[in-house]
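Each remark here refers to the structure printed beneath this line.
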Amino acid sequence: MKVVATNKKGYTNYDIVETIEAGISLLGNEVKSLRMGMVNIKDSYAVVRNGEVFLLNLHISPYPYSSSFVKYDPERERKLLLHKNEIRKLYGKVRERGLTLIPLEIYFNDRGKVKVKLALARGRKKWEKKEVIKEREIKREIGRELKKRFK
Numbered sequence: 013m014k015v016v017a018t019n020k021k022g023y024t025n026y027d028i029v030e031t032i033e034a035g036i037s038l039l040g041n042e043v044k045s046l047r048m049g050m051v052n053i054k055d056s057y058a059v060v061r062n063g064e065v066f067l068l069n070l071h072i073s074p075y076p077y078s079s080s081f082v083k084y085d086p087e088r089e090r091k092l093l094l095h096k097n098e099i100r101k102l103y104g105k106v107r108e109r110g111l112t113l114i115p116l117e118i119y120f121n122d123r124g125k126v127k128v129k130l131a132l133a134r135g136r137k138k139w140e141k142k143e144v145i146k147e148r149e150i151k152r153e154i155g156r157e158l159k160k161r162f163k
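Taking our numbering, the leading residue of the sequence shown gets 13, the next gets one more, and so forth.
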């Protein structure tokens, strides 16, 4: 599994309730751009519309060696590939107050297919984010101290 992009802000700004793996419908030159790591998922999110799930604000830069004759929109809506019962389950949970769908990772699986790790998440308040950052810093310092002592 080759991870192409991770959404680090997703882990700090949201409480992850549940994760799910989904396929994504892409054009050929978008897959090539992904292989080069030319993607940004920082502000992207997913919506359920008409029984389908779409990923919005996912920026995949144009492949530099592709034809310039074709108009390319780097932030177009991209359809996520899920089973109908998974979509229904997600739709029911997203309708709850405060839950959103965010992508955490984009990666190539062992077969070479592009997959998106989606998270059903609840937004954190500003003070909760600060607490998480403080806890992370404390864990790092403890790890450093232990490393120094047992060296």
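Beta carbons are placed, not taken as given, at the ideal position from N, Cα and C, and that holds for glycine. Owing to the predicted nature of the structure, the values given are computational and were not obtained by experimental measurement.
Cut-off 7 Å between Cβ atoms - residues of its own chain near residue i, not counting five sequence neighbours on either side
i, result
"Ile-32", "Glu-98 and Leu-130"
"Val-144", "Thr-24"
Residue i - DSSP class collapsed to helix/strand/coil
i, result
"Pro-152", "What sits at residue 152 in the sequence shown is Arg, not Pro. Three-state DSSP puts Arg-152 in a helix."
"Arg-161", "helix"
"Glu-42", "helix"
"Gly-104", "helix"
"Lys-142", "helix"
"Glu-30", "strand"
"Lys-91", "strand"
"Ile-53", "coil"
"Arg-136", "coil"
"Tyr-23", "helix"
Same chain, Cβ closer than 6 Å to residue i, five either side skipped, listed in chain order
i, result
"Val-59", "Phe-66"
"Gly-124", "none"
Beta-carbon separation (whole angstroms), residue i vs residue j, contact threshold 8 Å
i, j, result
"Phe-120", "Val-128", "The Cβ separation is near 11 Å, so there is no contact."
"Leu-46", "Ile-72", "7 Å"
"Arg-134", "Tyr-57", "Contact flag wrong, Cβ pair sits at about 13 Å."
"Gly-2", "Val-16", "This structure does not reach residue 2, given that the chain is present from 13 up to 163, and the question cannot be answered."
Residues that residue i bridges to, as DSSP identifies them
i, result
"Glu-117", "Thr-18 and Lys-129"
"Glu-64", "Arg-61"
"Ile-36", "Leu-92"
"Leu-111", "Arg-134"
"Ile-72", "Val-51"
Neighbourhood of residue i by C-beta distance below 8 Å, restricted to the same chain and skipping five residues each side
i, result
"Leu-116", "Thr-18, Asn-19, Gly-22, Tyr-23, Ile-28, Thr-31, Lys-129, Leu-130 and Ala-131"
"Ile-36", "Leu-67, Arg-90, Lys-91, Leu-92, Leu-93, Ile-118, Val-126, Lys-127 and Val-128"
"Arg-61", "none"
"Asp-122", "Met-13"
CA nearest to the CA of residue i, picked from the options
i, options, result
"Gly-40", "Arg-61, Ser-79 and Gly-104", "Ser-79"
"Val-51", "Asn-69, Met-13 and Lys-160", "Asn-69"
"Tyr-75", "Leu-158, Arg-161, Glu-42 and Phe-162", "Glu-42"
"Ala-34", "Tyr-84, Leu-113 and Lys-54", "Leu-113"
"Arg-100", "Gly-63, Val-82 and Glu-108", "Gly-63"
"Tyr-84", "Ile-53, Lys-96 and Leu-38", "Leu-38"
"Glu-87", "Lys-141, Ile-53, Lys-160 and Lys-138", "Ile-53"
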